[in-house]
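Novice:
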Amino acid sequence: MISALSETALLVSFDNAIDDAINETVIALQQAFTADFFTGFIETVPAYSSLAVFYDAVAIRKYHPGETTAFDFVKKHTERLMAGLVDTVTENEKELITVPVYYNGDDLDEVAGQHKISVEELVHIHAEKIYRVFMIGFQPGFAYMGKLDERIATARKASPRTMVPAGSVGIAGFQTGIYPFSSPGGWQLIGQTPSKIFDKEQTTPCLFKAGDYIKFISISKEEFEQSNEH
280 MISALSETAL LVSFDNAIDD AINETVIALQ QAFTADFFTG FIETVPAYSS
330 LAVFYDAVAI RKYHPGETTA FDFVKKHTER LMAGLVDTVT ENEKELITVP
380 VYYNGDDLDE VAGQHKISVE ELVHIHAEKI YRVFMIGFQP GFAYMGKLDE
430 RIATARKASP RTMVPAGSVG IAGFQTGIYP FSSPGGWQLI GQTPSKIFDK
480 EQTTPCLFKA GDYIKFISIS KEEFEQSNEH
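Our numbering numbers the first residue of the sequence shown as 280 and each following residue consecutively.
#1: Would you call the stretch 408–428 in contact with the stretch 486–493, where contact means no fewer than 3 C-beta pairs closer than 8 Å?
#2: Do you know offhand how far PRO484's Cα is from PHE477's?
#3: Going along the chain, which residues of its own chain have a beta-carbon closer than 8 Å to the beta-carbon of ASN295, five neighbours each way excluded?
#4: Assign ARG359 to one of three DSSP states: helix, strand, or coil.
#5: At the level of alpha carbons, what is the spacing between ALA445 and TYR342?
#6: Could you tell me the boundaries of the alpha helix (DSSP H) in which GLN310 lies?
#7: Would a C-beta distance cut-off of 8 Å place PHE453 and ALA432 closer than the cut-off?
#8: In angstroms with no decimal places, state the Cα-to-Cα distance between ALA283 and LEU290.
#9: Do PHE312 and ILE321 have their C-beta atoms closer together than 8 Å?
#10: Can you check whether the CB of LEU401 is closer than 8 Å to the CB of MET361?
#11: Three-state secondary structure (DSSP) at LYS494?
#12: So, PHE352 versus GLU346, is the Cβ gap smaller than 8 Å?
#13: Closer than 6 Å by C-beta to ILE496: which residues in its own chain qualify, once you throw out the five before and the five after it? Chain order, please.
#14: Rounded to whole angstroms, what's the CA-CA distance from PHE317 to GLU502? Just pull it up for me.
#15: Relative to the alpha-carbon of GLU479, which residue among PRO439, ILE469, SER506, GLY420 has its alpha-carbon at the smallest distance?
#16: Along the chain, where does the alpha helix (DSSP H) that runs through GLU504 open and close?
#17: Between THR299 and the rest of its own chain, which residues show a CB-CB distance below 6 Å, the 5 nearest in sequence each way excluded?
#18: Of the choices GLY465, PHE350, GLN505, whose alpha-carbon is the least far from that of PRO473?
#19: Is ILE339 closer than 8 Å to GLY319 when the C-beta atoms are compared?
#20: Compare the Cα-Cα distances from THR287 to each of VAL305, ILE301, ASP335 and report the closest residue.
#21: I'd like the ranges of any alpha helix (DSSP H) spanning at least 4 consecutive residues and lying wholly in the stretch 321–358.
#22: Between the Cα of GLN467 and the Cα atoms of GLU508, MET442, GLU407, VAL324, which residue gives the shortest distance?
#23: Which whole-angstrom value describes the C-beta separation of ILE450 and TYR382, a residue pair presumed to lie in contact below a C-beta threshold of 8 Å?
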C-alpha cells in the first residue's frame, strides 16, 4: 500500500510484521530508488516492513509538470520500481558482522530467571543465532535486530532506566539491539560490547545498515577491558 506520509513524503507499507522476506523487499526497493532516482528525490528510510520516500515537491512540479501532484508522480515512479523488483542479494553476498559481547548485563539474572533457564543457557541462546538488521532508529546507529529466539524473548522493563551505558546489548520482545550512546532506555540489558557502534569521525559513521547480518561472540571480562572503545 502506498500512502501520503506528508506533503513531501510517501510511505510504502508491505505488512505489519517482523519478517525477513518482507524486510528484504523493503531493502530491495530502497536499492531500486538508489539506482533509479528522479529529479527532486531526497532519500529513503527503511523500517521493518515499510519504506518512507522523501522528495522535493517544488522540484518535481518544476521538472515534471505533467503530473497532477508531486505525490502522484512519486507514487507512479514507486509503482514502476516495485513492479520490477528482483532478489538483489544472494545468501553468499549478505554481509555478516561479528560483534564481541561481554555478557554481564544488569538484567541477565532476572531474564534467565523469568525463562527458568541458567545464565549460561541464556548467553548460549542469544549468541548462537545470526540476526538480521531490520532498521536503524531511536539513536544514530541503533540497529533493531531480530528475530530473537522465543525461549528468551522478554518484554521491555516496566520502568525504563534513566541511563544505559554506551555499548549495552539489550533485548525487548523478539528484538535485540545495542545502544550506541549512553542514554535512557527500557530494554533488558544482558551484556556490553567494547566496539564503538557509531563514530562520527569515520567515513561511514554507522557500523550497521538495514539488511546486514550480525553474529554476537561471547568474550571474557579481560577481553572486554582490553578492547573497550567507550
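Beta carbons are placed, not taken as given, at the ideal position from N, Cα and C, and that holds for glycine.
These figures come from a predicted structure and were not determined experimentally.
Specialist: The short version:
#1: yes
#2: 5 Å
#3: SER328
#4: helix
#5: Their Cα atoms are separated by approximately 46 Å.
#6: Element bounds for GLN310: 299–314.
#7: Cβ atoms of PHE453 and ALA432: closer than 8 Å.
#8: 6 Å
#9: no
#10: No Cβ-Cβ contact shorter than 8 Å links MET361 with LEU401.
#11: strand
#12: Going by beta carbons, PHE352 and GLU346 fall inside the 8 Å limit.
#13: Result list for ILE496: THR377, PRO379, in chain order.
#14: 49 Å
#15: A small fix is needed here, since residue 479 is Lys in this sequence, not Glu. Measuring from the Cα of LYS479, the nearest candidate turns out to be GLY420.
#16: 500–506
#17: A quick correction: the sequence has Asp, not Thr, at residue 299. Closer than 6 Å at Cβ, skipping near neighbours: ARG411.
#18: GLN505
#19: In this structure, ILE339 lies closer than 8 Å to GLY319 by Cβ.
#20: Restricting attention to VAL305, ILE301, ASP335, the CA atom closest to the CA of THR287 is found in ASP335.
#21: 336–342
#22: MET442
#23: Actually they do not touch by this definition, with Cβ atoms about 12 Å apart.
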